[in-house]
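Residue numbers (full-length UniProt numbering): 1 to 428.
We treat Cβ as the ideally placed atom computed from N, Cα and C, and that holds for glycine.
Have a look at the structure below, then the notes.
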Amino acid sequence: MSFNSTLVQEKMLQLMQSIGQNIYLKSVMSGMMLVLPATIMSSLATLLKVFPFAPYQEFLVKHDLVRFFDIPINFTNNFLAVIVAFSVAYTLAKNLNADSFMSGLLSMISFFILTPYQLGDVGPLGQSFAIPSHWLGAMGLFTGILVAITATRIFVAITRKGLIIKMPDTVPEFISKSFSSLVPGIVILTFFTVVSAAITINGLGSIHEIIYKLIQAPLTSLGSGIGSLIFVAILAQLLWFFGLHGHAITLGIVAPIWFAMDAQQLAAYAAGITPPNITGFAFFMTYGVAGDLLPLAFMLAFLAKSNRYQTLGKIALPPAVFTIGEPMAYGVPLVMNFALAIPYIFINGLMLGLAYYLTVIGILPRVAGVSTPAGIPVIVSGFMQGSWKIAAFQFVGLFIRFAGWYFFFKIADAIACKEENAERVNNS
1 MSFNSTLVQE KMLQLMQSIG QNIYLKSVMS GMMLVLPATI MSSLATLLKV FPFAPYQEFL
61 VKHDLVRFFD IPINFTNNFL AVIVAFSVAY TLAKNLNADS FMSGLLSMIS FFILTPYQLG
121 DVGPLGQSFA IPSHWLGAMG LFTGILVAIT ATRIFVAITR KGLIIKMPDT VPEFISKSFS
181 SLVPGIVILT FFTVVSAAIT INGLGSIHEI IYKLIQAPLT SLGSGIGSLI FVAILAQLLW
241 FFGLHGHAIT LGIVAPIWFA MDAQQLAAYA AGITPPNITG FAFFMTYGVA GDLLPLAFML
301 AFLAKSNRYQ TLGKIALPPA VFTIGEPMAY GVPLVMNFAL AIPYIFINGL MLGLAYYLTV
361 IGILPRVAGV STPAGIPVIV SGFMQGSWKI AAFQFVGLFI RFAGWYFFFK IADAIACKEE
421 NAERVNNS
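Quick look at the structure:
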């Protein structure tokens, strides 16, 4: 029996492409990305609140300013599940060509219906009630995602069957849309009300507790290990090697787990306590992605002997400072370039493993879980995670990456020089 490696390779690529194109994974990933402005705002507020400079902290305490930083934190990071319930439903409905705003709105209302609350005292403005804040943040994230998917699927199913109230063409569009969403809205909100009531009556607590214990906590335990991070890093780079957008595919699967962990990190950091997790999305980006191709770009620009690599290096170096590697991925190319395959696929995983070990033994502090905007340069992103030690390790990491790339770069450069010499001979 012969082994057809080409066939296996094609089948694996088809599988990865189908995963990357899965409408639910795409929608969850896109929905999480829509939340980034809110999480970045929360991150900046947290950094300003706990900035480790004694005169600055004394000024904040003296003028009672600390509490004002908690306002954006409470309504962004600590409200994450609510925002995600809207954003994931919005993107899923958009991908299904349905009314994205109404889907998001109904999903968010459904999330609140499922969230337990307690009635308070009756005051001059009416009766107050309290919602446990932990279900609105990181611990409620998976509930928000599942509610978004369920509510949107119900909305799409009803509207596609034509079970809507249709208004005459003369009626303004915004009024017509409101009426067309009436029947799906009643069905969706009734469904989640029944679910909430059934769980409460049977003494099961809330849907949040069930989903957290049965799904989110086990997945977090599985996805938070360094083995999982290294596997994702290697798989992402392997997909890049074959020309697929590795991070778009892999992060679509693990993003809900890692974003929830980051939210826990940020909440702990803002409260002045040790963050509970070592890993997460911020850890992955800080140690496994930031500046990953910068050493190679430097070598191309200043150490290459081939004209092609010298020219490419000067073009690729500025984007590489901001962790943009596409010019090298397709210009060197790194795609299907077996001379550079080993460092391209494995160095990011190596750096994650080293950073994890140094964090475990206490040399590196735990990352703060700060959501850094895309394109933040390496070392700057380290400072934004709350410690100069993280930035210092990123700096040292550039030299480690340089050493890992150098031998393979020299081989690739020699091959490029040989090709250029052969071309000159042929043209002479």
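Over what stretch of residues does the alpha helix (DSSP H) that includes residue i continue unbroken?
i	result
residue 179	173 to 180
residue 208	207 to 211
residue 170	Run containing residue 170: none; DSSP gives neither H nor E here.
residue 226	226 to 241
residue 320	307 to 321
residue 262	246 to 270
residue 342	341 to 360
Determine, for residue i, whether the minimum Cβ-Cβ distance to residues of chain D falls below 9 Å.
i	result
residue 73	The structure shown contains no chain D; it holds only a single protein chain.
Under DSSP, the beta strand (DSSP E) around residue i begins and ends at which residues?
i	result
residue 122	118 to 123
residue 128	126 to 130
Measuring only the C-alpha atoms, how far is residue i from residue j?
i	j	result
residue 110	residue 299	54 Å
residue 441	residue 46	The chain is shown from 1 up to 428; residue 441 falls before or after that span and cannot be answered.
residue 76	residue 333	41 Å
residue 55	residue 61	10 Å
residue 231	residue 413	29 Å
residue 87	residue 97	15 Å
residue 105	residue 140	17 Å
residue 156	residue 21	19 Å
residue 258	residue 421	49 Å
residue 339	residue 409	8 Å
residue 225	residue 116	31 Å
residue 223	residue 277	11 Å
residue 19	residue 135	30 Å
residue 146	residue 154	12 Å
residue 164	residue 171	15 Å
residue 152	residue 244	29 Å
residue 63	residue 38	26 Å
residue 161	residue 390	55 Å
residue 179	residue 128	31 Å
residue 53	residue 393	22 Å
residue 213	residue 206	11 Å
residue 132	residue 144	15 Å
residue 335	residue 242	6 Å
residue 124	residue 181	35 Å
residue 315	residue 346	25 Å
residue 32	residue 418	47 Å
residue 227	residue 269	25 Å
residue 185	residue 337	53 Å
residue 285	residue 366	14 Å
residue 85	residue 102	12 Å
Taking the Cβ atom as the reference point for each residue, do residue i and residue j lie within a distance shorter than 9 Å?
i	j	result
residue 40	residue 373	yes
residue 358	residue 350	no
residue 142	residue 216	yes
residue 291	residue 401	yes
residue 384	residue 368	yes
residue 83	residue 189	no
residue 264	residue 138	yes
residue 183	residue 158	yes
residue 293	residue 328	yes
residue 107	residue 89	yes
residue 395	residue 379	yes
residue 370	residue 386	yes
residue 234	residue 348	yes
residue 177	residue 99	yes
residue 256	residue 399	no
residue 319	residue 405	no
residue 287	residue 203	no
Taking buried to mean at least 16 other C-beta atoms within 10 Å of its own C-beta, is residue i buried or exposed?
i	result
residue 2	Caution applies to residue 2, whose pLDDT of 46 falls short of 50 and renders its modelled position unreliable; the model cannot decide the point.
residue 305	exposed
residue 274	exposed
residue 66	exposed
residue 14	exposed
residue 126	exposed
residue 197	exposed
residue 121	exposed
residue 307	exposed
residue 279	buried
residue 424	exposed
residue 325	buried
residue 211	buried
residue 260	buried
Assuming residue i and residue j make a contact with CB atoms under 8 Å, what is their CB distance in whole Å?
i	j	result
residue 377	residue 321	5 Å
residue 382	residue 29	Contact flag wrong, Cβ pair sits at about 25 Å.
residue 229	residue 352	5 Å
residue 236	residue 220	No, residue 236 and residue 220 are not in contact; Cβ-Cβ is about 20 Å, not under 8 Å.
residue 69	residue 48	6 Å
residue 317	residue 331	The pair is not a contact, with the Cβ atoms about 12 Å apart (cut-off 8 Å).
residue 148	residue 239	Not a contact, Cβ separation roughly 27 Å.
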